[in-house]
Amino acid sequence: MKKSLQEGTINNKYDDAEQVRSVKVTDIRQCNERSQVHRSNPYDFQKLICNFHGWKGGRRLQKCPECLDLEERIRSKLKRTTGKSFIGIENIDSSCSIEGIRIWLKCNMGHKFACKLEDVSVGCQICSSEKFLSPTYKTNAAKLDSIREEAYRKKQGELLAAAKEIYVNRVLSKTSMGIEKDSLACIKMYPNLTYESAYAVMSVIAWKDDPFQIFGIPRDMSLGDKNSVLNHIKRFFRIKAKQIHPDKNCHPKSGEAFNILSNAYNEMLNYVEKRL
C-alpha cells in the first residue's frame, strides 16, 4: 500500500515537473515569437504569420503588407542618415504608426543597436563612446581641426585679397575719372594749356598721399634688383618733372604738383634704400 502511494506521489511530482517545464518552454517560445516581426505558420511553413497585425502570409513566404509599408517608410526616413543601414522592426505599437516604433540599426562599424525612430540621428552609442575615449580619435580630430582651420584661413586670405583688389580698382577708377574731369575743366579755362599737361599736373596732385601710385610701383613689389627699381624711379622723375615744371607748364597748380613730385621722389628713394 505504501509502495503504491509512493509511486503515485512520484508520478504526480513527475507530472507536475513536466507541466511546469512545458509551461516555461511555451512562455519562452511565445516570448521569442513576439520578438520577431514574422514567424512561420506551424500548419504551413511556406507561409508567415505577422505578430503585430495578425496577417497570415500567402505563397512563397510573403510578408505582411502593413509591415512592408512601415519598413519602406522607415527606410525613406533613414536615407538622409549616413553611416547606418536598416535591419528590421523590433516592436510596433497598437496603432501601427511610425510613432512608437523601435527599429534595429547597424552602424558602419558593424554594431547592431535598437533605438526609437526619433533617436536615429544620435547614431551608434558604442562608436561614440569608443571614439571619444580613444586617444587615437582625439589625435585624428585635432589633425582634422588643424586642416580645417588652415583651409579656412587660406580661404579667408583669398577673399580678403580679392576684396582689397576690388577696393583698389574702384579707387583707381574713381580717381582717374576725377583727374580726367578736372583736366577737361582746366583746359576750358586755359586755352593755351594742353590736355596732356593738365592731366600730368592733376594726376600728381590727386595721388599726393600715395607716392607709389605717382611712380607706378606696387606696394608689394619684389625688390630683387635694387638698381633696376632705382633707375625706374629716377627715369620717371625726370620725365614727369619736365612735364609739370612751372617753367614749362602754365597750369596754375604746376608749382604745387612739382613740390609733391619732389617729396615723393625722395620718399621712394629712402624706402628702396631701407628695404634693400
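Residues 1 to 276 in full-length UniProt numbering are what the sequence shown lists, from first letter to last. A virtual CB, placed ideally from N, CA and C, is assigned to each residue, including glycine.
Query                                                                                                   : Result
Rounded straight-line distance, which links the Cα of Val204 to that of Phe212                          : 11 Å
Cβ neighbours of Cys250 in the same chain (closer than 7 Å, five flanking residues each side left out)  : Tyr190, Asn192 and Leu193
Member of Leu160, Gly178, Lys240 and Pro65 whose CA lies at the smallest distance from the CA of Gly255 : Lys240
Reference Leu269, options Ala257, Pro246, His245 and Phe236, closest by Cα                              : Phe236
Given Ala198 as reference, the closest of Val272, Ile214, Trp207 and Ile179 once Cα atoms are compared  : Ile179
Backbone CA spacing between Ala142 and Glu150 [nearest angstrom]                                        : 12 Å
Tyr195 to Leu184 span [Cα, whole Å]                                                                     : 7 Å
C-beta atoms of Ile244 and Ala206 nearer than 7 Å                                                       : no
Simplified DSSP state of Asn249, which is helix, strand or coil                                         : coil
Whether Met202 touches Asp225 by CB criterion (7 Å)                                                     : no
Spatial distance of Cys96 from Leu68 (CA atoms)                                                         : Confidence at Cys96 is low in this model, with a pLDDT of 49, below 50, so its placement is unreliable and no value can be given for it.
Between the CA atoms of Gly216 and Asn163 - distance to the nearest angstrom                            : According to the sequence shown, residue 163 is Ala rather than Asn. If I take the Cα positions, the gap works out to 21 Å.
Distance between Glu158 and Asn263 (C-alpha atoms, nearest Å)                                           : 35 Å
Pairwise C-alpha distance: Leu144 and Asn169                                                            : 37 Å
Which of helix, strand or coil DSSP assigns to Cys186                                                   : helix
Per-residue DSSP class, three states only, for Arg219                                                   : coil
Contacting residues, own chain, Cβ-Cβ under 8 Å from Cys115 (five flanking each side not counted)       : Arg102, Ile103, Leu105 and Val122
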